[in-house]
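Asks: Count the sequence shown with my numbering and you get residues 542 to 689, in order. Every residue gets a Cβ at the ideal spot worked out from N, C-alpha and C, and that includes glycine. For clarity, every value in this text was computed on a predicted model and none was experimentally measured.
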Amino acid sequence: MINISKILNEGQVVELSGSTRQELLRELTNRVAKLKLLSNPDALYLKLNEREDESSTAMGLGIAIPHARLSTIKETFMIVGRSKEGIDYGAPDSGPVHLFFMMGVSKNQSEYLNILQRITWIVRNDDLRSKLFDTADIANVYKLLSEH
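#1: Could you please give the first and the last residue of the uninterrupted beta strand (DSSP E) stretch that includes I620?
#2: Give me the Cβ distance between Y630 and A605, rounded to the nearest whole Å; I'm assuming they're in contact under 8 angstroms.
#3: If you draw a straight line from the C-alpha of V555 to the C-alpha of K672, how long is it?
#4: Counting only the same chain and skipping the five closest in sequence on each side, list residues whose C-beta sits under 6 angstroms from that of T570.
#5: Could you tell me whether the segment 613–620 touches the segment 637–656, where touching means 3 or more Cβ pairs closer than 8 angstroms?
#6: In terms of residue numbering, what span does the beta strand (DSSP E) encompassing E556 cover?
#7: Grouping DSSP H, G and I as helix and E and B as strand, with all else coil, what is A574?
#8: Please confirm whether H639 and L669 have their CB atoms less than 8 angstroms apart.
#9: G603: buried (16+ other C-beta within 10 angstroms of its C-beta) or exposed?
#10: Along the chain, where does the beta strand (DSSP E) that runs through L640 open and close?
#11: For I663, name the three-state secondary structure that DSSP assigns.
What follows is the structure in structure tokens.
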């Protein structure tokens, strides 16, 4: 199984302050722009919102995986955002979402599926999930993810 650190570095893990889906997606795509991971982050923002309008990517248990595929994405990337307060994101368990694994997806379907498999493992690991939600330092979120 792929290690998240293969596509994630410390600068790609952020504390989120938004209280709506649009604000959070904007914060995540602003990080994409800042890191120059994509030449057209606004197109990613629009595609993410379009995807969420169709069906929420919230999985329950405080996790969502907003993702979009664009022809301009050459290599899959991820930004992880944490909302300490959590937001209503249309989760199947009606709970707030605290952790967002936002992905820009390339044409490499197997890599994408491997990453989803790893995220699913994280979601099901109650102890790790609690640590990711509760740790005071956002750098610790990266450390925990890169160790698993």
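Replies: Once the coordinates are examined:
#1: 618–628
#2: 5 angstroms
#3: Computed Cα separation, rounded: 16 angstroms.
#4: P582, L585, Y586
#5: yes
#6: 554–556
#7: helix
#8: no
#9: buried
#10: Looking at the DSSP string, the run of the beta strand (DSSP E) that includes L640 is 638–646.
#11: helix
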